[in-house]
Structure formats: C-alpha cells, structure tokens
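Peer 1:
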Amino acid sequence: MTVDDIRSIALKCPHATEDVKWGNDLCFCIAEKMFCVTTLEGEAKTSLKVPDDKFEELCQRPGFIPAPYMARNKWVLIDNSAKLSGKELEGLIKKSYELVKAKLPKKLQEKLK
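Here the sequence shown is numbered in numbering that gives the first Met the number 0, starting from 0 and rising by one per residue.
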C-alpha cells in the first residue's frame, strides 16, 4: 500500500484530519488525537494503535514491532506497509480510529456523531 492508499483509507473515517509532523510523517487524527502515522519518504512505514489483546500477537509477526515512543499505549509500527494486503491494513487503520475515538471525552464523542 502506498501513502496515497493509506491517506484514502484514513480520511474516509468521519471527522479525520491530516497533518505533517516531525518533518516527514503524515499523521491522521480525530479531535487532534492521532490514530495513524505514516512516513512520507522511502518505504511506507505505518504506526497505529491496536487492541491491547492483539498487541503482543501482532508484535510477533514479521514486519511488526512495538512503535517507538508509543508502544506503552499499544501502538505497533508496520515496517513495510506495502507488504500487507489492502484489506488487512484498512481493518487495522479503522480499528485504530475506533480505539482512539473511544478514549475521547464522552461529550466530544457525542459532538462527533
């Protein structure tokens, strides 16, 4: 999957926004909370939040590692996003979005419906 594919999936999520941070990382957010980060240069490397019970399992798969600085919050880094099927990566991005949205304050969640 390319950066454009990832962008297309992430921006289909309601109220999702995008911003470039740290010079060359494209970040996708809901209510200013990141749910997906991908590199703009080189091989597509993507970080996203995963369910607590899937974190260890995913980190055992080739190409998945705990995301630097974010692993304590159950984020994984996919070393080469191009190697994943579109369907699998889309599912991971949507799940990350749902997990981050669920942690927003209830009033804000209601406002975003």
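For every residue, glycine included, the Cβ atom is placed at its ideal position computed from N, Cα and C.
Please classify LEU39: does DSSP put it in a helix, a strand, or coil?
Peer 2: Note: LEU39 maps to coil in three-state DSSP.
Peer 1: Go ahead and label TRP21 buried or exposed: buried means 16 or more other beta carbons lie within 10 angstroms of its beta carbon, across all protein chains shown.
Peer 2: Flag for TRP21 reads exposed.
Peer 1: Have a look at GLU42 and LYS11 and give me their C-alpha separation to the nearest angstrom.
Peer 2: Spanning the two alpha carbons is a distance of roughly 23 Å.
Peer 1: Measuring CB atoms only, is the region 43-58 touching the region 87-102, in the sense that at least three cross pairs come out at less than 8 Å?
Peer 2: These segments touch.
Peer 1: Could you please give the first and the last residue of the uninterrupted alpha helix (DSSP H) stretch that includes ALA58?
Peer 2: According to the sequence provided, residue 58 is Cys. The question's Ala does not apply to it. Taken as a continuous stretch (DSSP letters only), the alpha helix (DSSP H) holding CYS58 covers 51-58.
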